[in-house]
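Worksheet for the structure shown next.
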Amino acid sequence: MPIRVISSTAELHEYTRGRLRAGQSLALVPTMGFLHDGHTSLMREGVRRADVVAASIFVNPTQFGPKEDLSTYPKDRDGDLAKCEAAGVSVAFLPDAHAVYPPGFQTYVNVEKASQGLCGDRRPGHFRGVATVVTKLFTLFRPEVALFGEKDFQQLCVIRALAKDLDLGVDVVGMPTVREADGLAKSSRNSYLSADERQRAVAISRGLFAAQAAFVSGTTRAESLLELVRAQLRAAAIREDYVELRDEATLEPLVQIVAGQRARLFVAGFLGKTRLIDNVRVG
Ligand code: AMP
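Note that the working numbering has the sequence shown beginning at 281, numbered continuously upward.
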């Protein structure tokens, strides 16, 4: 069956009613499009976990700040639909902004604690936009499972919290970060990089992996681990937005990793105007 493309919320409600009547389970993969192997890894996992897989492709305006890249965000509708279909997606939701936010829209979802720090501080309002659109997608699709990438680890924490707090009955699954051969985390925003920036961008993952290796060799102090990351950023002239060590479960900042603790190193940095993020587990 060719992929079904839905663009209105009315048609999506009708689809969901039919699916629930038919007793089919659904896995949802929310995206902003310009799809790569990171996105399709979520879709393929959805195929393993549910009867049908749906993807949304929506560049959500409420999660962009006024000076961010909403208007230039890359798009490839036909390529995206082909990738969805090849990955086993049977329904794609491609609404325009008015379908999601009709005139008079005034209801927002705020996940208070998980939205603080890291990207929450650097991009005010970002996670409010994310939480609002994801809640709306969960309401429209009523998925049993929803898949998100660890690449956006704080986002995953925000969505886990909202699904739990609002009793949405969705199993939120986090999937490992898919990387380029040299280690750079795949991202739609990598398409903004010049050839020179693309070469330098690998310093982000190189720094994270260096810190990971240092931890394995016994370095547990945040200051030392963060300096290893920062040294790579400096050498590649990447402007630091943040480099932080946090507890994986609570996202509390850490000064030291204690035995048995799961921690994560988080990086955001700028190459020219392009802001890239990445993270790895340590501990
Ligand atoms: P985006 O289109 O950037 O909003 O991402 C949509 C979903 O794909 C989110 O759950 C992301 O965390 C996930 N994702 C993006 N990049 C990757 C990657 N390199 N590996 C795994 N998942 C990813």
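Note that CB positions come from ideal geometry on N, CA and C, so glycine has one too.
Owing to the predicted nature of the structure, the values given are computational and were not obtained by experimental measurement.
Distance cutoff 9 Å, beta carbons only. Does residue i sit that close to anything in chain E?
i           : result
residue 530 : The structure shown has no chain E; it contains just one protein chain.
Please work out which residues of its chain come closer than 6 Å, Cβ to Cβ, to residue i, disregarding the five sequence neighbours upstream and downstream, and give them in chain order.
i           : result
residue 308 : 334, 421, 423, 426
residue 452 : 426, 439, 440, 443
residue 560 : 488, 492, 545
residue 382 : none
residue 353 : 339
residue 284 : 371
According to the neighbour-count rule (16 or more other Cβ atoms, all chains shown, within 10 Å of its Cβ), is residue i buried or exposed?
i           : result
residue 367 : buried
residue 432 : buried
residue 380 : buried
residue 345 : exposed
residue 566 : Because the chain here runs from 281 to 563, residue 566 falls outside it and cannot be looked at.
residue 535 : exposed
residue 400 : buried
residue 360 : buried
residue 313 : buried
Among residues of its own chain, excluding the 5 on either side of residue i, which ones have a beta-carbon nearer than 7 Å to its beta-carbon?
i           : result
residue 311 : 319, 335, 336, 337
residue 482 : 462, 463, 464
residue 403 : 345
residue 349 : none
residue 388 : 408, 412
residue 317 : 458, 466
residue 363 : 315, 320
residue 472 : 554
Considering only C-alpha positions, which residue in the set the options is nearest to residue i?
i           : options            : result
residue 551 : 298, 329, 470, 486 : 470
residue 477 : 556, 294, 360, 501 : 556
residue 243 : 513, 291, 349      : Lying outside 281 to 563, the shown extent of the chain, residue 243 is not represented and no answer is given.
residue 450 : 297, 326, 289      : 326
residue 436 : 321, 293, 510, 528 : 528
residue 324 : 370, 487, 531, 535 : 370
residue 251 : 514, 414, 454, 395 : In this structure the chain extends from 281 to 563, so residue 251 is not present and cannot be described.
residue 393 : 516, 533, 517, 486 : 533
residue 391 : 406, 377, 384      : 406
residue 306 : 539, 358, 509, 417 : 417
Who are the near neighbours of residue i in its chain, counting only those whose CB is closer than 8 Å to its CB and skipping five residues on each side?
i           : result
residue 282 : 365
residue 398 : 434, 522, 524, 526, 531, 546, 548
residue 562 : 491, 492, 495, 505, 525, 537, 543, 544, 545
residue 289 : 375, 379, 380, 420
residue 480 : 516, 517, 518, 551
Quiz item: Is the stretch 501-519 touching the stretch 476-492 in the sense that three or more CB pairs, one from each, lie closer than 8 Å?
Solution: In the pairwise beta carbon analysis, the stretch 476-492 is classified as touching the stretch 501-519: at least three pairs are separated by under 8 Å.
Quiz prompt | Every unbroken alpha helix (DSSP H) within the stretch 501-548, with a cutoff of 4 residues, ordered by chain | solution = Given a length threshold of 4 residues, each whole run of the alpha helix (DSSP H) inside the stretch 501-548 is given here in chain order: 502-515.
Quiz item: If you scan the stretch 290-346 from start to end, which runs of the beta strand (DSSP E) of 3 or more residues do you find wholly inside it?
Solution: The DSSP assignment places complete beta strand (DSSP E) segments of no fewer than 3 residues inside the stretch 290-346 at 306-311, 332-337, in order along the chain.
Quiz item: Counting only runs that start and end within the stretch 401-456, where is the alpha helix (DSSP H) found for 4 or more residues in a row?
Solution: You should have 406-421, 433-445.
Quiz item: What are the complete beta strand (DSSP E) segments, minimum 3 residues, inside the stretch 347-377?
Solution: Listed in chain order, the complete beta strand (DSSP E) runs (minimum 3 residues) inside the stretch 347-377 are 371-373.
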